[in-house]
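Numbering (mature numbering (1 follows the signal peptide of the UniProt record, and there is no 0)), first residue to last: -25 to -1, 1 to 118. Here is the structure we will look at, set down as structure tokens.
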């Protein structure tokens, strides 16, 4: 009778040890994956930035030859500049991002949380800049 109880106690102990939640390594991996998912989403927006920048430059140049109102030309140039800044923000984030392999867990988690905030800010900047540039282009594109 004692043997089955000991086996049951041992199995219970084993099973309870398995349900302790995610390990530190798993938490770090999840956070890294989240940072990279935001990064990947922002990277996908770079194509829109390049296309809009090209389209706005062409529109600006065309309208400049037609002696269009300088206020509109200035607005187009401001949108081009904003797209350049959004692109550069992404490039800066990528240049400055470092792998966390050599950091202790707490340092890595703190670093990754900081990087998550930074890349989310970059993504928000990119999205709002793209939206503004797209709206200006659609309002003034030559058809």
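For each residue, glycine too, the CB sits at the ideal point set by N, CA and C.
Boundaries of the alpha helix (DSSP H) harbouring residue 60: 45 to 71, taken from the DSSP string.
Taking one beta carbon from each stretch, the stretch 91 to 103 and the stretch 56 to 65 have 3 or more pairs nearer than 8 angstroms; the two touch. About 16 angstroms separates the beta carbons of residue 34 and residue 105, which is beyond the 8 angstroms limit, so they are not a contact pair. The three-state secondary structure of residue 6, taken from DSSP, is helix. Around the beta-carbon of residue 54, 16 or more other beta-carbon atoms lie within 10 Å, marking it buried. Contact between the stretch 24 to 42 and the stretch 68 to 85 is absent: fewer than three C-beta pairs spanning the two stretches fall below 8 angstroms. Sorting -4, -5 and 12 by C-alpha distance to the C-alpha of residue 90 places 12 at the top.
For a cut-off of 8 angstroms, the C-beta gap from residue 58 to residue 27 is around 6 angstroms, short enough to register as a contact. Where residue 82 is concerned, the enclosing alpha helix (DSSP H) starts and stops at 80 to 115.
If you check the CB distance, residue 84 and residue 6 come in under 9 angstroms.
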